[in-house]
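These notes are about the structure you will find just below.
2 protein chains.
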Amino acid sequence: MPQQPPLGFTFAGVACGIKKTGAADLALTVSDRPCTAAAVFTQNKFPAAPVLYDRALVAENAAGLRGVAINAGCANACTGEAGLADAAEMAALAEAALSLPPRSCAVMSTGVIGPRLPLDKLAAGVRAAAGQLSASGWDAASRAIMTTDTKPKVAFRQVGGARLFGMCKGAGMIHPNMATMLSAIVTDAAVAPDVLAEMLRRAVDVSFNCISVDGDMSTNDTVLLLANGAAGAPDLRGFGNHEGLAAFASALTSLCTDLAQQIVRDGEGATKFITVRVEGAASDADARGAAKAVANSPLVKTAFYGGDANWGRILAAVGYSGAMVEPTRAELWVAGGSRGEVTSPLQLVSGGQPLPYAEAAATAIFAEREITVTVNLGLDMGQAIMWTCDLSHEYVDINGHYRT
Amino acid sequence: MPQQPPLGFTFAGVACGIKKTGAADLALTVSDRPCTAAAVFTQNKFPAAPVLYDRALVAENAAGLRGVAINAGCANACTGEAGLADAAEMAALAEAALSLPPRSCAVMSTGVIGPRLPLDKLAAGVRAAAGQLSASGWDAASRAIMTTDTKPKVAFRQVGGARLFGMCKGAGMIHPNMATMLSAIVTDAAVAPDVLAEMLRRAVDVSFNCISVDGDMSTNDTVLLLANGAAGAPDLRGFGNHEGLAAFASALTSLCTDLAQQIVRDGEGATKFITVRVEGAASDADARGAAKAVANSPLVKTAFYGGDANWGRILAAVGYSGAMVEPTRAELWVAGGSRGEVTSPLQLVSGGQPLPYAEAAATAIFAEREITVTVNLGLDMGQAIMWTCDLSHEYVDINGHYRT
Numbered sequence: 001m002p003q004q005p006p007l008g009f010t011f012a013g014v015a016c017g018i019k020k021t022g023a024a025d026l027a028l029t030v031s032d033r034p035c036t037a038a039a040v041f042t043q044n045k046f047p048a049a050p051v052l053y054d055r056a057l058v059a060e061n062a063a064g065l066r067g068v069a070i071n072a073g074c075a076n077a078c079t080g081e082a083g084l085a086d087a088a089e090m091a092a093l094a095e096a097a098l099s100l101p102p103r104s105c106a107v108m109s110t111g112v113i114g115p116r117l118p119l120d121k122l123a124a125g126v127r128a129a130a131g132q133l134s135a136s137g138w139d140a141a142s143r144a145i146m147t148t149d150t151k152p153k154v155a156f157r158q159v160g161g162a163r164l165f166g167m168c169k170g171a172g173m174i175h176p177n178m179a180t181m182l183s184a185i186v187t188d189a190a191v192a193p194d195v196l197a198e199m200l201r202r203a204v205d206v207s208f209n210c211i212s213v214d215g216d217m218s219t220n221d222t223v224l225l226l227a228n229g230a231a232g233a234p235d236l237r238g239f240g241n242h243e244g245l246a247a248f249a250s251a252l253t254s255l256c257t258d259l260a261q262q263i264v265r266d267g268e269g270a271t272k273f274i275t276v277r278v279e280g281a282a283s284d285a286d287a288r289g290a291a292k293a294v295a296n297s298p299l300v301k302t303a304f305y306g307g308d309a310n311w312g313r314i315l316a317a318v319g320y321s322g323a324m325v326e327p328t329r330a331e332l333w334v335a336g337g338s339r340g341e342v343t344s345p346l347q348l349v350s351g352g353q354p355l356p357y358a359e360a361a362a363t364a365i366f367a368e369r370e371i372t373v374t375v376n377l378g379l380d381m382g383q384a385i386m387w388t389c390d391l392s393h394e395y396v397d398i399n400g401h402y403r404t
Numbered sequence: 001m002p003q004q005p006p007l008g009f010t011f012a013g014v015a016c017g018i019k020k021t022g023a024a025d026l027a028l029t030v031s032d033r034p035c036t037a038a039a040v041f042t043q044n045k046f047p048a049a050p051v052l053y054d055r056a057l058v059a060e061n062a063a064g065l066r067g068v069a070i071n072a073g074c075a076n077a078c079t080g081e082a083g084l085a086d087a088a089e090m091a092a093l094a095e096a097a098l099s100l101p102p103r104s105c106a107v108m109s110t111g112v113i114g115p116r117l118p119l120d121k122l123a124a125g126v127r128a129a130a131g132q133l134s135a136s137g138w139d140a141a142s143r144a145i146m147t148t149d150t151k152p153k154v155a156f157r158q159v160g161g162a163r164l165f166g167m168c169k170g171a172g173m174i175h176p177n178m179a180t181m182l183s184a185i186v187t188d189a190a191v192a193p194d195v196l197a198e199m200l201r202r203a204v205d206v207s208f209n210c211i212s213v214d215g216d217m218s219t220n221d222t223v224l225l226l227a228n229g230a231a232g233a234p235d236l237r238g239f240g241n242h243e244g245l246a247a248f249a250s251a252l253t254s255l256c257t258d259l260a261q262q263i264v265r266d267g268e269g270a271t272k273f274i275t276v277r278v279e280g281a282a283s284d285a286d287a288r289g290a291a292k293a294v295a296n297s298p299l300v301k302t303a304f305y306g307g308d309a310n311w312g313r314i315l316a317a318v319g320y321s322g323a324m325v326e327p328t329r330a331e332l333w334v335a336g337g338s339r340g341e342v343t344s345p346l347q348l349v350s351g352g353q354p355l356p357y358a359e360a361a362a363t364a365i366f367a368e369r370e371i372t373v374t375v376n377l378g379l380d381m382g383q384a385i386m387w388t389c390d391l392s393h394e395y396v397d398i399n400g401h402y403r404t
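Order-wise, the sequence lines are chains A and B. Using this note's numbering, you'd call the opening residue of the first sequence number 1 and step up by one each time. Using this note's numbering, you'd call the opening residue of the second sequence number 1 and step up by one each time.
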């Protein structure tokens with residue numbers, strides 16, 4: 001995939017001193033013209049201040065956003081009214097540094113919960129970043145939003161003459177103090193706000209909402225999508241361009257899935273990438289619940305870490321997921337690989353009972369770096385997929401011993 | 001508490017060769033006269049064969065049970081029709097060895113999911129155990145039902161001239177292959193079956209249902225209560241004895257809570273015992289959900305393991321629990337100790353925002369072996385309590401590397 005960012009967007013990433021390490025911690029993404037905007041936010045009932053700020057901003061100005069400022073190192077969460085004022089001030093500082101109109105810049109924050117944003121550092125940071133904006137600044141920007149991520153996460157797509165670029169950080173509450181999955185996606189397609197919102201909602205539902213590192217939902221999760229129309233085409237501002245809409249939606253979903261899987265692959269302490277497929281469920285919702293229970297089960301995740309073909313845990317997790325189950329109809333397969341490129345599938349359970357499989361074959365599959373688990377409940381057409389990682393010693397290290 | 005088992009009950013525990021280590025793996029608990037019986041079972045939709053067998057047995061013969069046979073090392077789960085026949089055969093073997101009428105003996109199993117019960121070993125085992133029954137055999141019995149438990153778990157109570165004894169094993173899916181929380185409770189009080197069922201349901205709801213080691217619900221969880229009336233008093237067969245009913249229910253709840261907390265203290269890899277209290281919730285159900293989310297959060301549990309006063313994770317877990325939350329009303333305290341004996345309570349959050357507490361004081365509390373977390377949502381009178389343990393390197397060791 002050629003790494004060509006959308007036209008009309010520039011990016012920068014700088015260090016402004018929030019991270020104690022001195023690493024880059026402030027990113028700007030700016031459009032040279034107004035963008036339509038859509039966003040999805042955490043469902044956590046302790047939403048961070050930037051979540052509250054952006055939710056109101058996108059509702060108010062869904063056709064006039066110009067960019068987003070993102071800091072790492074301080075989440076601006078559980079900071080009350082003062083935190084909300086800080087988020088507004090951070091946006092205003094960015095707008096001033098970029099000579100943008102008021103209420104045109106979104107903000108995101110990731111980092112420690114509790115402390116106030118260091119506005120003096122942010123003020124200097126946005127000025128410095130504004131001076132470094134460039135079309136090729138996406139790499140620096142993607143590094144400035146990292147916390148415990150071990151590598152930056154970006155994805156590019158092209159569709160019908162338009163380009164999409166997305167960057168993201170950290171799955172779940174990936175860090176003891178960092179509490180965020182953040183993603184900023186930009187495109188030079190021209191898309192109407194309501195169309196953009198619906199496409200983003202659908203894309204997130206089958207991508208970012210299908211991953212789990214530890215099952216913990218953060219206070220700051222945000223996915224923001226800006227479309228500035230600089231490419232001229234595809235023009236998705238009306239509803240006439242059915243093919244164009246479908247193609248763009250498909251590219252957006254592909255990009256979100258790519259980013260989401262990068263998050264899982266770089267999950268805290270992750271050594272394996274596991275695809276959980278549930279098929280034959282009574283409904284898609286049942287399948288989703290069952291897949292999520294398997295993906296979140298500490299027992300399943302430690303078994304994958306240890307390379308232990310312990311299939312009873314998988315069925316047990318399905319059994320407590322709330323999904324409708326007829327035990328005598330359940331089937332279970334495991335296979336190496338993922339994303340349709342599975343190798344040597346092995347059926348372990350049929351009719352709810354274990355088959356006389358070769359233990360060595362199962363152990364060989366569980367020893368792979370990428371594993372696909374398929375549960376068929378044999379009831380109806382409901383299906384779902386989840387991506388997760390294993391639960392390792394390093395996860396406990398990172399989360400037990402980091403802050404002290 | 002004097003270790004005096006209920007009159008008319010005898011116990012035995014022997015090794016019959018199911019566990020590869022040669023450790024004791026078969027327990028019998030027998031009454032010299034018919035018992036009223038009550039039981040609660042796992043809600044897992046892949047219930048093990050002994051769960052299905054006992055559910056039908058207790059429904060059919062709630063005033064005529066004589067005992068229970070329990071094996072460790074094989075769960076008889078995911079074994080289909082053949083497994084159900086095996087459970088019935090295990091019961092019949094025990095009834096024959098004990099010269100009991102048909103359909104008078106319950107069965108429980110814990111161990112590997114998938115394999116069939118070794119009936120030949122069980123046949124020899126129940127004969128050997130039948131020859132060793134004694135009133136003081138409760139200790140041997142409680143050891144024979146252990147799997148990864150590091151110590152046997154028993155509790156005694158006396159109430160109004162009657163005695164209660166309970167034994168149990170393993171919280172959650174405590175072992176890679178062992179998948180069970182089992183408890184057998186006996187009393188020499190005389191209790192009507194419907195009264196017994198209601199009292200057990202209530203006692204379990206505030207004890208065994210309030211603990212979490214890893215959030216995984218097993219296929220075999222069973223709590224069985226047998227009342228043989230040998231003490232003569234209290235006579236709880238009618239509804240006239242209100243005081244006696246209340247006192248017995250209180251003793252039963254106390255015994256179940258004692259056993260449940262023993263399970264948490266001996267949870268896989270547990271180094272700390274954590275009490276999670278949620279108060280001021282919109283409803284008890286909300287409080288329960290919030291407490292459960294905190295108790296099951298891998299991030300909260302690793303923070304306790306590391307002794308890290310990372311309170312943001314606690315509020316974040318409450319925030320995604322589904323409970324109604326008004327962020328500006330939330331308060332959070334931590335304290336050392338548990339069960340009302342808390343020491344040096346420290347308020348960390350007020351009005352949803354961090355207080356300027358001394359980090360050293362918080363760290364000192366998080367470093368204790370017993371910690372109580374109290375969240376007050378400031379909404380209404382809903383409250384709940386959960387007991388859990390931390391998530392340690394040893395948990396990953398035990399569950400990742402055991403079977404292979």
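Think of the CB as a built atom: it goes at the ideal place given N, C-alpha and C, for glycine as much as any other residue. All of these numbers come straight from a predicted model, not from anything done at the bench.
- Leaving aside the five residues that flank D286 of chain A on each side, the residues in its chain whose CB is nearer than 6 Å to its CB run, in chain order, A323, M324 and G382.
- Between Y53 of chain A and A91 of chain A a beta carbon distance of about 7 Å is seen, short of the 8 Å cut, so the two are scored as contacting.
- Non-local beta-carbon contacts of S134 of chain B in its own chain, meaning distances under 8 Å to residues more than five positions away in sequence, involve T10, F11 and A12 in chain order.
- In the structure shown, C210 of chain A falls within a helical segment according to DSSP collapsed to helix, strand and coil.
- With a cutoff of 9 Å on beta-carbon distance, A246 of chain B and P6 of chain B are scored as not near each other.
- In the structure shown, R163 of chain A falls within a strand segment according to DSSP collapsed to helix, strand and coil.
- For A281 of chain A, the closest C-alpha among the options A:S321, A:L259 and A:K301 is that of A:S321.
- The secondary-structure analysis by DSSP pairs E331 of chain B across a beta bridge with B:N376.
- Nearest CB-CB separation between T222 of chain B and chain A: not below the 9 Å threshold.
- Within the stretch 72-118 of chain A, the runs of alpha helix (DSSP H) at least 4 residues long that lie entirely inside it are, in chain order, 80-97.
- In the structure shown, D32 of chain B falls within a strand segment according to DSSP collapsed to helix, strand and coil.
- Taking a beta-carbon distance threshold of 9 Å, V349 of chain A counts as an interface residue toward chain B.
- When Cβ-Cβ separations below 9 Å define contact, N44 of chain B makes contact with chain A.
- Cβ neighbours of S344 of chain A within its own chain (closer than 8 Å, five residues either side excluded): A335, G336, A361, A364 and I365.
- Pairing R55 of chain B with A192 of chain B, the inter-Cα distance amounts to about 18 Å.
- Just so you know, the alpha carbons of T36 of chain A and T147 of chain B end up roughly 60 Å apart.
- Considering only beta carbons, the part of the stretch 110-127 of chain A lying closer than 9 Å to chain B consists of V112, I113, G114 and P115, in chain order.
- Under DSSP, F11 of chain A takes part in a beta bridge, and its partners are A:T29 and A:S134.
- In the three-state DSSP reduction, I18 of chain B falls in the coil class, being neither helix nor strand.
- In summary, L391 of chain B is buried, with 16 or more beta-carbon neighbours lying within 10 Å of its beta-carbon over all protein chains present.
- Between T372 of chain B and K301 of chain B the beta-carbon gap is near 15 Å, outside 8 Å, which marks them as no contact.
- The beta-bridge partner set that DSSP reports for T222 of chain A consists of A:F41 and A:L182.
- Taking the Cα of L122 of chain A as reference, the smallest distance to any Cα among A:A94, A:E370, A:G114 and A:A330 is reached at A:A94.
- In this chain, the alpha helix (DSSP H) harbouring S250 of chain B covers H242 to R265.
- The shortest C-alpha to C-alpha distance from V276 of chain B to any of B:S109, B:G307, B:V318 and B:R237 is the one to B:V318.
- In the structure shown, M386 of chain B falls within a strand segment according to DSSP collapsed to helix, strand and coil.
- Residue pairing from DSSP places G67 of chain B in a beta bridge opposite B:V30 and B:C105.
- Per the coordinates, the alpha-carbon of T150 of chain B lies some 34 Å from the alpha-carbon of E279 of chain B.
- Residues of chain A whose Cβ lies closer than 8 Å to the Cβ of V325 of chain B are, in chain order, K45 and F46.
- Residues of chain B with a Cβ closer than 7 Å to the Cβ of T219 of chain A are, in chain order, A316 and G319.
- A251 of chain B and G289 of chain B have their C-alpha atoms some 26 Å from each other.
- L236 of chain A has its alpha-carbon roughly 11 Å from the corresponding atom of D194 of chain A.
- When C-beta distances to chain B are compared with 7 Å, the residues of the stretch 277-308 of chain A below that value are S297, P298, L299, T302, A303, Y305, G306, G307 and D308, in chain order.
- Across the stretch 75-96 of chain B, CB contacts with chain A closer than 9 Å involve A75, A77, C78, T79, G80, E81, A82 and G83, in sequence order along the chain.
- Any Cβ of chain B closer than 9 Å to the Cβ of T328 of chain A would place that residue at the interface, and such an atom is present.
- Annotation: N241 of chain A to S104 of chain A spans about 28 Å, alpha carbon to alpha carbon.
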